[in-house]
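In the working numbering, the protein residues as written are 8 to 252. For glycine and all other residues, C-beta sits at the position ideal for the given N, C-alpha and C. Just so we're clear, the structure is a prediction, and the values are computed from it rather than from any experiment.
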């Protein structure tokens, strides 16, 4: 088992390119391996369009990259299909264009003007005209989980006691407490994002790699070698040990 994983990107193309550079340097020393991106490509950051272009071009060019769907990616897809379609994971009163969610920043990256300050109907019409169909197809086709050996990659987490193939998509992209509070075995090490923390953290049964890049701080990448996990830094690999170990 040798694989890499990258946390929630949230429209920060420069940060994404930076961690890919770290991964390439690590691969030059330890050998090539798949790279899994755990979702939330879009929203909040300045260049969601550039992030999708970069990832789609890499995959089309033969890169061994896996890109998972996050809740923000799903919200983007829903808005493009029907701006009135409800998102089950959002609290009442919130929509994709709400300032807390960041959809307006995503549409701005496509050239949609004042996405958060105009009526939804004309904003949606502009989005349909300006977002390339290839980007919509790319996002809509993203898987919600990926497994390599005994490691399970998802965006948000999995519901305890439910087999991976029977998990509900809403849980895979939105779950928090039932997953985060579970101290037991998941049938493999779960690598996930979605819940923003200060730094990648190994909890024994799961590793959270959402280090809050949505807010402009460093994006995180890890490497998994067998049962060992390392945080990739400009200085190289740093062992990521289970808390309390």
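In this structure, the beta-carbon distance from residue 112 to residue 166 does not fall below 8 Å. Residue burial is scored here from C-beta neighbours: residue 197 has at least 16 other C-beta atoms within 10 angstroms and is therefore classed as buried. With respect to residue 106, residue 123 sits close: the two C-beta atoms are nearer than 8 Å. Cβ neighbours of residue 80 within its own chain (closer than 7 Å, five residues either side excluded): 46, 47, 48, 49, 146 and 149. For residue 39, the closest of 91, 230, 242 and 235 by C-alpha to C-alpha distance is 230.
When 177, 169, 203 and 180 are compared, the shortest CA-CA separation from residue 189 is found for 169. When DSSP states are grouped into helix, strand and coil, residue 239 belongs to the strand group.
Across the set 213, 172, 205 and 160, the C-alpha of 213 shows the shortest separation from the C-alpha of residue 186.
Secondary structure at residue 215: strand, using DSSP grouped into helix, strand and coil.
The three-state reading of DSSP puts residue 40 in coil, since its state is none of H, G, I, E or B. Residue 11 places its beta carbon less than 8 Å from that of residue 228.
For residue 11, the enclosing beta strand (DSSP E) starts and ends at 9-13. Short of 6 Å from the beta carbon of residue 44, and not among the five residues preceding or following it, lie these beta carbons of its own chain, in chain order: 13 and 74. Between the C-alpha atoms of residue 114 and residue 53 there is a straight-line separation of about 10 Å.
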